[in-house]
Amino acid sequence: MKRADRIKRYFSTVVLVCLLTTIRLSAQNGINTPYSRYGLGVLTDGSTASSKAMGGIGTGMRIANTINLHNPASYSSVDTLTFLADMGMSFQHGNFREKGFKVNARNTTVDYMAMQFRILPKVGLTAAFVPFSNVGYNFSSTTVIDRNDREILTRTDQYYGTGGVREFKGGLGWAATGWLSVGMNTAFVTGDLSHYVIDSYSDVQIKSRPLTYSADLRGVKIDLGAQTTMPLKEGRLVLGATWSPATTPDCDAMRIELEGDTIKYGADGAFSMPHLFSAGFSYAAEKLIFGADVSYQTWSDAAFFESKYGVNSVKASAGVLYCPDISDKNLFRHSTYRAGISYRQPYYKIDGYNGPTEYSVSAGISIPFALAYDSRSFLHISGQLVRVQPGTEGTITENYFRLNVGLSFMERWFRKIQAD
């Protein structure tokens with residue numbers, strides 16, 4: 101097969117897989133937690149599979165020919181001859197505990213799909229699909245309303261929710277100078293949130309009054325980023341920063357009761373998304389890279405169905421990467437090993453108390469495999485232990501084991517082969 105045909109076939113296969121997987125799975129929330137009932141749901145970290153193994157860091161990460169969705173300034177690190185495609189999924193086992201009761205659940209989520217290549221000598225382009233948040237829960241609670249000698253009257257409330265918010269983004273990164281890069285993402289934000297409350301009584305003569313809360317969001321979100329690279333005597337230091345301005349998407353939101361009573365929320369203020377600020381660094385030596393990120397989100401100004409119960413949130417992450425010998429033909433010495441930790445504060449309140457705090461620790465390996473003599477790609481596998489600690493006693497504690505799997509493809513484009 102000719103080289104041009106092989107590239108065309110390879111590119112078409114990658115794009116087809118991305119499209120089919122997106123169509124089939126992007127609408128699936130892939131989670132099952134009652135905490136997704138609040139705000140915009142459970143927030144994702146927007147990380148690639150390799151970044152997840154390092155605690156989700158990326159603001160100050162700048163690795164050539166690696167897609168970093170955290171900072172658009174990093175897009176300029178892709179070289180002129182390279183096309184990158186990256187996709188990842190997570191498989192998780194969850195354990196939920198409350199007042200001595202335990203429940204297990206298994207879920208699958210699509211984490212991201214992205215591609216990157218250079219369009220000008222100092223400009224890299226990235227296009228990606230990234231979920232912003234997920235909603236998925238189904239639980240019930242029973243309350244005793246009245247008690248007498250003959251019977252006990254109870255009410256059971258069934259809570260059910262689906263949906264989430266997604267980003268389809270495109271961005272440019274420009275190496276303005278030898279030490280400074282800047283970048284910008286423009287993301288089309290779309291979301292559908294559905295929450296249902298169905299009440300039933302032990303006395304069947306009492307009529308149920310189910311409630312439905314639904315919202316359809318559409319809007320545009322901007323991400324701005326910068327990175328500066330400082331060569332050191334041994335290695336280099338990269339400092340990075342990003343800012344995502346707050347935005348209020350257009351929204352069709354309503355509350356519907358059984359009798360048909362409908363409350364329509366204002367299209368311009370039913371939901372809003374906060375400012376996001378982040379700063380980070382990475383230090384790269386010959387075989388080792390380590391770094392850390394801190395981000396801050398202004399959720400106290402955000403609205404959810406026109407209600408404001410958000411709280412400003414901080415997330416901190418740190419991670420390390422080690423590659424024994426990138427030139428060694430031994431598979432395990434050429435592989436890359438990663439580990440990381442992260443901490444995230446809640447971004448909403450539940451009945452006046454802060455929501456759950458999330459802690460996680462992760463570790464993984466990136467294994468290279470060759471698709472062709474001039475192409476090198478990686479299989480990324482990492483395990484992640486996550487604890488979701490409630491903000492008040494008597495609420496649910498969640499523990500997860502999450503298996504993150506990603507594939508990153510690197511294809512050399514436009515390379516001229518000289519025959520002797």
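Residue numbers (this note's numbering): 101 to 520.
Note that the Cβ used here is the ideal one computed from N, Cα and C, for glycine as well.
In this structure, Arg-162 lies near Ser-382, with their beta-carbon atoms less than 8 Å apart. Residue range 388-397 is occupied by the beta strand (DSSP E) that includes Ser-395. Between the alpha carbons of Tyr-500 and Thr-208 lies a distance of about 12 Å. Pairing Gly-271 with Pro-172 gives a Cβ-Cβ distance under 8 Å. Residue ranges of uninterrupted beta strand (DSSP E) with 3 or more members, entirely inside the stretch 398-440 and ordered along the chain, are 413-422.
Across the structure, Val-304 and Leu-253 are spaced so that their CA atoms are roughly 10 Å apart. Here the stretch 146-154 does not lie against the stretch 242-262, with fewer than 3 beta-carbon pairs under 8 Å apart. For Tyr-453, the three-state secondary structure derived from DSSP is strand. The shortest C-alpha to C-alpha distance from Gly-335 to any of His-295, Arg-318, His-193, Glu-386 is the one to Glu-386. Residue pairing of Asp-352 in beta bridges, as defined by DSSP: Asp-316.
Assignment of beta-bridge partners to Tyr-301 by DSSP yields Arg-255. Look at Lys-307 here: in three-state DSSP terms it is coil, with no helix or strand label.
Taking C-beta separations shorter than 7 Å and ignoring five residues to either side along the sequence, the partners of Phe-239 in its chain run Pro-134, Tyr-259, following chain order.
By the Cβ-count criterion, Thr-243 is exposed, with fewer than 16 other Cβ atoms from all chains shown falling within 10 Å of its own Cβ. Listed in chain order, the non-local C-beta contacts of Gly-483 below 8 Å within the same chain comprise Ser-462, Ala-463, Gly-464, Phe-501, Arg-502, Leu-503, Asn-504, local neighbours out to five positions each way being set aside.
When Cβ pairs closer than 8 Å are counted between the two stretches, the stretch 411-424 is seen not to touch the stretch 177-194, the count staying below three. Boundaries of the beta strand (DSSP E) harbouring Ser-240: 223-247, taken from the DSSP string. The beta carbon of Thr-312 sits closer than 6 Å to those of Tyr-296, Ile-356, all from its chain and outside the five residues before and after it, given in chain order.
When the alpha-carbon of Val-320 is set against those of Gly-340, Ala-346, Val-289, the nearest one is in Val-289. Straight across, the Cα-Cα distance linking Ser-150 with Ile-167 is about 9 Å.
Scanning its chain for C-beta atoms nearer than 8 Å, with the 5 sequence neighbours on each side dropped, one finds around Met-284 the residues Pro-172, Gly-271, Leu-272, Ile-322, Asp-323, Leu-324, Gly-325, in chain order. According to the DSSP assignment, Ser-344 belongs to the beta strand (DSSP E) that extends over 336-344. A distance below 6 Å between beta-carbons, with the five flanking residues on each side excluded, links Asp-292 to the following residues of its chain, in chain order: Gly-263, Asp-316. Of the candidates Val-486, Asp-451, Ala-403, Arg-318, Val-486 places its Cα closest to the Cα of Ser-442. DSSP, read as helix, strand or coil, puts Arg-137 in helix. The three-state secondary structure of Tyr-447, taken from DSSP, is coil. The straight-line gap separating the alpha-carbon atoms of Phe-404 and Leu-376 is approximately 17 Å. Going by DSSP, Ser-177 is part of no beta strand (DSSP E) at all; its letter is neither H nor E. Taken through DSSP and simplified to helix, strand or coil, Ala-276 comes out as coil. It is roughly 30 Å from the alpha-carbon of Thr-398 to the alpha-carbon of Gly-224. Ranked by how close their Cα comes to the Cα of Tyr-138, the residues Gly-410, His-434, Val-203, Ser-460 have Gly-410 in first place.
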